[in-house]
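Notes to accompany the following structure.
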Amino acid sequence: MRPDSAPCGGGRVTQRVRRVDLRPMFAKWGLPLKSQGSRSTCSVFAITAALEFAVAQRQESGLVLSEQYLNWAAGETRGEPADGGFFSDLWQGYLKHGICEERLAPYQEVFDPSWEPSKDARRQARAFRDDGYELSWIKPWDVTTGLTDDELETILQVLRDGLPVCAGLRWPKAAVYENGTLAMCSEDEVYDGHSVLFVGFVLGREEKPHDILVFKDSGSGGRYAYMPLE
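All you need for the numbering used here is the position in the sequence shown, starting with 1, plus 6.
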């Protein structure tokens with residue numbers, strides 16, 4: 007997610023920065039960890055967190071944005087209310103209806119397909135829509151293919167450039183964390199899928215796993231955690 011229309015980094019990495027951590031920027035701008043609760047809105051939270059970062063980067067001040075509004079915008083654009091959705095649906099919702107601050111459309115614990123935003127929320131959302139934020143795609147969702155080397159290097163380079171990356175992933179049915187790091191599991195132990203926001207990485211640590219990605223997760227009550235870069 008970029009605060010302007012500049013193209014994102016791609017291809018083979020030439021800068022060999024081995025550690026990036028955007029968490030201090032989220033803290034500096036007052037952008038909190040959030041929980042999706044029991045709703046299936048992980049992708050909504052990932053896109054919203056990326057937008058929060060882009061807005062704060064441009065304005066040098068954080069605004070907490072509304073997952074509730076973005077979820078409505080995606081359903082309105084799609085023509086059918088739903089709880090959660092693909093990144094592409096959510097982005098189309100943003101392009102048509104924008105997004106507002108959370109205070110104008112607080113997150114609801116239970117999905118209500120009849121929910122609609124207020125006039126004030128819509129008015130502010132239109133202004134955000136017209137601010138020129140842009141999303142760049144790295145890999146289309148396909149459960150039959152993993153990341154190529156180039157796609158992985160692109161993710162790392164975007165993080166090196168100081169931008170977070172939304173990621174939809176196959177995810178453990180029963181996630182286990184060891185010292186804050188998500189344990190990997192076999193193919194029959196995962197489901198399709200869960201979305202998080204990559205906010206950093208460390209390459210070549212002394213301890214195992216040697217290479218990790220840092221992610222912001224709206225699941226499990228909202229947390230920062232790590233996953234092996236395999």
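Ideal Cβ placement from N, Cα and C applies to all residues, glycine included.
Going by DSSP, HIS216 is part of no alpha helix (DSSP H) at all; its letter is neither H nor E. Here LEU203 really is in contact with PHE221; their C-beta atoms are around 6 Å apart, less than 8 Å.
For the 8 Å CB-CB criterion, GLY90 and SER49 form a contact. About 25 Å separates the beta carbon of ARG109 from that of ASP95, a gap too long to meet the 8 Å contact definition. One Cα belongs to TRP177, the other to THR187, and the distance between them is close to 13 Å.
Its chain contains GLY210 as the residues whose beta carbon lies nearer than 7 Å to that of HIS216, once the 5 sequence neighbours on both sides are disregarded; these appear in chain order. For VAL202, the uninterrupted beta strand (DSSP E) segment begins and ends at 196 to 208. Distance from the Cα of PHE207 is smallest, within the candidate group ASP198, ILE53, GLU193, GLU159, for GLU159. Here TRP78 carries a helix assignment [DSSP, helix/strand/coil].
In the three-state DSSP reduction, CYS48 falls in the helix class (H, G or I). Going by DSSP, ARG229 is part of the beta strand (DSSP E) stretching over 229 to 234. Cβ-Cβ distances below 6 Å link TYR113 to GLU73, GLN74 in the same chain, with the five nearest sequence neighbours on each side left out; the list follows chain order.
In the DSSP assignment, PRO178 forms a beta bridge with VAL196.
If you compare the alpha carbons of ALA56, GLN42, GLU213 with that of VAL205, the shortest gap goes to ALA56. For ASP27, the enclosing beta strand (DSSP E) begins and ends at 25 to 27.
The shortest CA-to-CA distance from ARG25 to any of TRP143, ARG45, SER224, GLY168 is the one to GLY168. Taking 8 Å as the upper bound for CB-CB distance, ALA60 and GLY68 are not in contact here, some 11 Å apart. For ASP155, the uninterrupted alpha helix (DSSP H) segment begins and ends at 155 to 166. Out of PHE117, ASP194, LEU39, LEU28, the CA that lies nearest to the CA of SER224 is found in LEU39.
Bounds of the alpha helix (DSSP H) holding TYR100 are 93 to 103. Under the three-state reduction of DSSP, THR54 is assigned to helix. THR151 counts as exposed, since fewer than 16 other C-beta atoms from the protein chains shown sit within 10 angstroms of its C-beta.
Apart from sequence neighbours up to five positions away, the residues of its chain that approach ASP27 with a beta-carbon distance below 6 Å are GLY206, ordered along the chain. Look at PHE221 here: in three-state DSSP terms it is strand. Non-local C-beta neighbours of HIS200 in its own chain, meaning closer than 7 Å and more than five positions away in sequence, comprise CYS48, LEU175, TRP177, GLY225, ordered along the chain.
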